[in-house]
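*Asks:*
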Amino acid sequence: MPGDLALPAVDADATFGAERVAEAERYERFFFVLWALAQVALFATLFLYARKGASFTRESAAGPIGTGMLLGMLGLAIAWLVGLPFGLAALWWARRHDQEETGYLGWLLDDWTLLAAQFAAVCLALLVVMGLARRLGERWWLPGAGVFVGIAALFTFVAPYLDFTTEPLRDEALLAAAERYEGELGLEGLPLRVVEVSDHTDQANAYAYGLGPSRRVVFWDTMLAAPFSQPEQKVVLAHELAHHSEDHLPEGIAWFALFAVPGAWILMRATRARGGMGAPEAVPVALLVVAVLQLASAPAASAISRRMEAEADWQALRVTHDPAALEGLMVGFSETSLGDPDPPRWTQLLLGTHPTLEDRVAMARAWAEREAAAVPAPGP
Amino acid sequence: MAGTFEARARPVRLVVRDDDLKRTRLTVLFRLLLAVPVLVWAALWGITAVVVAFANWLAVLIQGEVPDSLHDFVAGYVRYTTQVSAYLYLAADPYPWFRGQEGYPVDVEIDPPGQQSRWSGLFRLLLALPALALTAALGGGLSFGSSSASSGSTQGGTEGFWSAGASAGGAASVAAFLAWFYILVRGRTSRGARDLVAYALGYAVQAFGYLFLLTGRYPTSDPVLAEPYSELPEHPVRLVVTDDLGRSRITVLFRLLLAVPHLVWITLWSVAAVFAAIAAWLAGLARGRVPLALHRFLSAYVRYAVHVQAYLFVVGRRFPGFTGRPGSYGIDLEIEPPARQSRWTIGFRAVLALPALILAGALGGVAFVVGFLGWWYALIAGRMPEGLRNLGATCIRYQEQASAYLLLLTKRYPYAAPVLEGRQALEEPSAPDLGDAT
Numbered sequence: 005m006p007g008d009l010a011l012p013a014v015d016a017d018a019t020f021g022a023e024r025v026a027e028a029e030r031y032e033r034f035f036f037v038l039w040a041l042a043q044v045a046l047f048a049t050l051f052l053y054a055r056k057g058a059s060f061t062r063e064s065a066a067g068p069i070g071t072g073m074l075l076g077m078l079g080l081a082i083a084w085l086v087g088l089p090f091g092l093a094a095l096w097w098a099r100r101h102d103q104e105e106t107g108y109l110g111w112l113l114d115d116w117t118l119l120a121a122q123f124a125a126v127c128l129a130l131l132v133v134m135g136l137a138r139r140l141g142e143r144w145w146l147p148g149a150g151v152f153v154g155i156a157a158l159f160t161f162v163a164p165y166l167d168f169t170t171e172p173l174r175d176e177a178l179l180a181a182a183e184r185y186e187g188e189l190g191l192e193g194l195p196l197r198v199v200e201v202s203d204h205t206d207q208a209n210a211y212a213y214g215l216g217p218s219r220r221v222v223f224w225d226t227m228l229a230a231p232f233s234q235p236e237q238k239v240v241l242a243h244e245l246a247h248h249s250e251d252h253l254p255e256g257i258a259w260f261a262l263f264a265v266p267g268a269w270i271l272m273r274a275t276r277a278r279g280g281m282g283a284p285e286a287v288p289v290a291l292l293v294v295a296v297l298q299l300a301s302a303p304a305a306s307a308i309s310r311r312m313e314a315e316a317d318w319q320a321l322r323v324t325h326d327p328a329a330l331e332g333l334m335v336g337f338s339e340t341s342l343g344d345p346d347p348p349r350w351t352q353l354l355l356g357t358h359p360t361l362e363d364r365v366a367m368a369r370a371w372a373e374r375e376a377a378a379v380p381a382p383g384p
Numbered sequence: 002m003a004g005t006f007e008a009r010a011r012p013v014r015l016v017v018r019d020d021d022l023k024r025t026r027l028t029v030l031f032r033l034l035l036a037v038p039v040l041v042w043a044a045l046w047g048i049t050a051v052v053v054a055f056a057n058w059l060a061v062l063i064q065g066e067v068p069d070s071l072h073d074f075v076a077g078y079v080r081y082t083t084q085v086s087a088y089l090y091l092a093a094d095p096y097p098w099f100r101g102q103e104g105y106p107v108d109v110e111i112d113p114p115g116q117q118s119r120w121s122g123l124f125r126l127l128l129a130l131p132a133l134a135l136t137a138a139l140g141g142g143l144s145f146g147s148s149s150a151s152s153g154s155t156q157g158g159t160e161g162f163w164s165a166g167a168s169a170g171g172a173a174s175v176a177a178f179l180a181w182f183y184i185l186v187r188g189r190t191s192r193g194a195r196d197l198v199a200y201a202l203g204y205a206v207q208a209f210g211y212l213f214l215l216t217g218r219y220p221t222s223d224p225v226l227a228e229p230y231s232e233l234p235e236h237p238v239r240l241v242v243t244d245d246l247g248r249s250r251i252t253v254l255f256r257l258l259l260a261v262p263h264l265v266w267i268t269l270w271s272v273a274a275v276f277a278a279i280a281a282w283l284a285g286l287a288r289g290r291v292p293l294a295l296h297r298f299l300s301a302y303v304r305y306a307v308h309v310q311a312y313l314f315v316v317g318r319r320f321p322g323f324t325g326r327p328g329s330y331g332i333d334l335e336i337e338p339p340a341r342q343s344r345w346t347i348g349f350r351a352v353l354a355l356p357a358l359i360l361a362g363a364l365g366g367v368a369f370v371v372g373f374l375g376w377w378y379a380l381i382a383g384r385m386p387e388g389l390r391n392l393g394a395t396c397i398r399y400q401e402q403a404s405a406y407l408l409l410l411t412k413r414y415p416y417a418a419p420v421l422e423g424r425q426a427l428e429e430p431s432a433p434d435l436g437d438a439t
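These protein sequence lines are chains A and B, in that order.
FYI, the numbering for the first sequence is 5 to 384, going by the numbering used here.
FYI, the numbering for the second sequence is 2 to 439, going by the numbering used here.
(1) Determine the DSSP secondary structure at Leu-215(A), reduced to helix, strand or coil.
(2) Taking the CB atoms as reference points, tell me whether Ala-173(B) and Leu-197(B) lie closer together than 8 Å.
(3) Start and end of the alpha helix (DSSP H) containing Glu-313(A)?
(4) Taking the C-alpha atoms as reference points, what is the distance between Val-276(A) and Trp-144(A)?
(5) With C-beta atoms as the reference, is Phe-31(B) less than 8 Å away from Val-53(B)?
(6) Determine the extent of the alpha helix (DSSP H) in which Arg-413(B) is found, giving its start and end residues.
(7) Inspect the CB distances between the region 78-86 of chain B and the region 106-126 of chain B and report whether three or more fall short of 8 Å.
(8) Would you identify the three-state DSSP class for Val-238(B), choosing helix, strand or coil?
(9) In angstroms, rounded to a whole number, what distance separates the CA positions of Asp-203(A) and Val-307(B)?
(10) Of all the options Tyr-305(B), Phe-323(B), Ala-363(B), which has the alpha carbon lying nearest to the alpha carbon of Glu-335(B)?
(11) How should Leu-292(A) be labelled, buried or exposed, when 16 other C-beta atoms within 10 angstroms of its C-beta is the threshold for buried?
(12) What do you get for Pro-172(A), buried or exposed, if any count of 16 or more other CB atoms within 10 angstroms of its CB means buried?
(13) Does Thr-252(B) get closer than 8 Å to chain A when you measure Cβ to Cβ?
(14) At the level of alpha carbons, what is the spacing between Pro-97(B) and Val-37(B)?
(15) Would you say Phe-323(B) lies against chain A (beta-carbon separation less than 8 Å)?
(16) Gly-65(B) and Arg-125(B) look like a contact to me (Cβ under 8 Å); what is the Cβ gap, rounded to whole Å?
(17) So, is Thr-117(A) buried or exposed, given that buried needs 16 or more other C-beta atoms within 10 angstroms?
(18) What is the rounded straight-line gap between the Cα of Ile-347(B) and the Cα of Arg-390(B)?
(19) Is Ile-82(A) close to chain B? Criterion is C-beta to C-beta, closer than 8 Å.
(20) Let me know the secondary structure DSSP gives Ser-152(B) once reduced to three states.
(21) Can you tell me whether Leu-257(B) is buried or exposed, with buried defined as 16 or more other CB within 10 angstroms of its CB?
(22) Mind listing, in chain order, the continuous beta strand (DSSP E) runs of no fewer than 3 residues lying wholly within the region 107-194 of chain A?
(23) In angstroms, rounded to a whole number, what distance separates the CA positions of Ala-182(A) and Phe-152(A)?
(24) When you compare only the Cα positions, how much space is there between Phe-117(B) and Thr-216(B)?
(25) Which residue spans inside the region 272-346 of chain B form an unbroken beta strand (DSSP E) run of at least 3?
(26) Would you kindly work out how many angstroms separate the C-alpha atoms of Arg-326(B) and Asp-245(B), rounded to a whole number?
(27) On a CA-only basis, which of Ser-191(B), Leu-45(B), Leu-410(B), Asp-333(B) is nearest Ala-65(A)? Give me that one, please.
(28) Just by C-beta distance, which residues in the region 139-170 of chain A are closer than 8 Å to chain B?
(29) So, does the CB of Gly-67(A) fall closer than 8 Å to a CB anywhere in chain B?
(30) Taking DSSP as the reference, what is the three-state secondary structure of Phe-263(A)?
(31) According to the Cβ coordinates, are Glu-47(A) and Ala-295(A) closer than 8 Å?
(32) Taking CB distances under 8 Å as the criterion, tell me whether Pro-224(B) reaches chain A.
(33) Can you list the residues of chain B that Ala-120(A) reaches, using a CB-CB cut of under 9 Å?
(34) Mark Lys-56(A) as exposed unless 16 or more other C-beta atoms lie within 10 angstroms of its C-beta, in which case mark it buried.
(35) On the CB-based measure, 16 or more other CB atoms within 10 Å of its CB, does Ala-6(A) come out buried or exposed?
(36) Within 10 angstroms of the Cβ of Pro-338(B), are there 16 or more other Cβ atoms? Answer buried if so, exposed if not.
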């Protein structure tokens, strides 16, 4: 993406439709308020848990690491309980705007299952951290960060092999386009797959994941249906392939490493008063510290993500030569996902993992202008 | 065993009288067919009993007490169906005939009617649901409905729905099924199986006595009820319960998820245990004794399984450790060091263990119901009912005794009677036996 790229101003009302923009603003405002309230509730809960949570050690007959696991899971469980009303409110709002078809009970079961996965993850994390801390004392943070980076890389690598919910893409036109784009992007034969989500949502999405030989691109089936046209689907395809050609996933792991090292050091320092990470009593404090670190690093993480997404958009424009399709795609997203084309600045700063829809349209127009300028004018 | 042992003073109680455990092979062979006439009769009686039970319900709502005549009619029916069930489930040998017999080996005593709360009477059916669910899992509460008529009965009428599961795989049904083969071979029933069936009948009697408003007292599942007629012989694999009954509500609410790391760990450990068991089997065949290292490893595995099960089913209070260390948990297993075993029983251990594993599966169903009911109770009350906890503990004990037998940790067969404490057996068993104490 050119460093001197200046995005032109976009009239959101004219591009997306004034009525839709107003509706999207209303729709997303509710989520932003809900998110802010949920954060307040979460931090209040974790603060209280950091103060009182150590008393749950009496509910454990396990050793220090097992007890730490119990305290970690209980912290997550309590946070989940506190967040439940907000989650249900968000579901109610999404259902009210036809953005979600999942029932409340189904959602609850899904969320419960997700919590089980979080429990497994926190147990693994605590096993690593507490095991190292008990062996190395306060020096655990450096190898600990290394282990987490390793786990992140391993998970990124194996995740595609563990996903049994997708099927191969069978759209001949998209497959042919993929072959062409891959040639231009320096890729070869990445698997393209589809996951069915249309039974519970109308929202559309696609993603790239995997590392090295496990790299692949997955489309939600909603992305391959109306209102998205084939050129728009091709832009999405090119965008996701570009994530791989630009090595965004390894880069993401590298960024994670950059955050993990100081994060682990801060964790070590913050839990020192509770006996350090080798002691189970430190785990409730550690949960609070991790939550604070996540929130504090959110602007930087979001900015990195936005930059990668912008790069992928630019590459997609470069290989498809179809700025109109990208613009149409963004208009489609505003329709299917009720995305606010120009959300409040603070939300974009904290939560915006992608450029705003308005900025992405602006990029499409900027690319078109550059292309037009690059073509020599016909002679007299 | 001589003498009469009555259950603790409950208004509805099972009585197990003299039983030398001998059974007539011929009547056992045709037991199901022989029971058909009494089952039909009990079904007809059951229809009337349900109508009378409804009258009992109205009487409790109006005057807070059931009239003597109505009480006696339903009590007679409950008593009769218990005798029929005991006959069908091989817990008794004499034919029960067509009315409740005095002095039948497995009998019921029911106190005269007393005052009952109108509120509890009004919601009796709802309140009885947990007890009926446990009855179904224990396999004692069978109905006379067409689907379960072939399996036997204790109670009749509209309870068929609740009882259907019991006829399919309740612990008592499974125990009776296994005892049928055992008796045909040996001419006597297994003590443990008889005691398990009697316990299940005893609980069912209480549950239906409560449902039919014969008493306002809620049934207890405490295995202490079975202690008067059960024996708990010395066994190389023993359950030790030192846990308290208090439960932290938050850990109860998330109990299933909190067990996730343990479930993952025990799955991995099970893979290693399979290989260790094969090695122990080969070593046992060669030396007639399992090497100490393998015995220790498999003992820790079985002990850890007890800890995890106890935690999962709310039988245990605290989050267990991951090593299966002896004495580290409130519901623990003591396993004696390796002893010499017959090479023949080692060679055919998997086959010999099959009946015990089948019964362990049925008791696993009971433990699941205990966990489900205990979860709700502990969530509300912040404690586990002692009776339910103890029943869960005995189910776990049998399951892990079966595992220990399979994994060659002991030559002793698991013991099925659902008691934590009992009168000591008079003599040691001499051969693998279906939960037999003597």
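Beta carbons are placed, not taken as given, at the ideal position from N, Cα and C, and that holds for glycine.
*Replies:* Looking at the atomic coordinates:
(1) DSSP, read as helix, strand or coil, puts Leu-215(A) in coil.
(2) yes
(3) Segment 287-324, the alpha helix (DSSP H) holding Glu-313(A).
(4) The sequence shown places Arg at residue 276(A), not Val. Roughly 12 Å separates the two Cα atoms.
(5) Taking a C-beta distance under 8 Å as the contact criterion, Phe-31(B) and Val-53(B) do not qualify as a contact pair.
(6) In this chain, Arg-413(B) is not harboured by any alpha helix (DSSP H), its DSSP state being neither H nor E.
(7) The region 78-86 of chain B, when compared against the region 106-126 of chain B, does touch it at the 8 Å Cβ threshold.
(8) strand
(9) 42 Å
(10) Nearest in C-alpha terms to Glu-335(B), of all of Tyr-305(B), Phe-323(B), Ala-363(B), is Tyr-305(B).
(11) buried
(12) exposed
(13) yes
(14) 12 Å
(15) yes
(16) The Cβ separation is near 13 Å, so there is no contact.
(17) exposed
(18) 34 Å
(19) yes
(20) Unreliable positioning characterises Ser-152(B) in this predicted model, as indicated by a pLDDT of 35, which lies under 50. A coordinate reading is not provided.
(21) exposed
(22) 170-172
(23) C-alpha separation (whole angstroms): 34 Å.
(24) Looking at the sequence itself, residue 117(B) is Gln, so the reference to Phe does not match. Between Gln-117(B) and Thr-216(B), the C-alpha separation is close to 7 Å.
(25) 332-336
(26) C-alpha separation (whole angstroms): 19 Å.
(27) Asp-333(B)
(28) none
(29) yes
(30) helix
(31) The displayed chain sequence assigns Phe, not Glu, to residue 47(A). In this structure, Ala-295(A) lies closer than 8 Å to Phe-47(A) by Cβ.
(32) no
(33) Listed along chain B, the residues sitting closer than 9 Å to Ala-120(A) by beta-carbon distance are Leu-257, Leu-258, Val-261.
(34) Lys-56(A) is classed as exposed because its beta carbon has fewer than 16 other beta carbons within 10 Å across all chains shown.
(35) Here residue 6(A) turns out to be Pro, not Ala, going by the sequence shown. Burial call: exposed.
(36) Per the 10 Å Cβ criterion, exposed.
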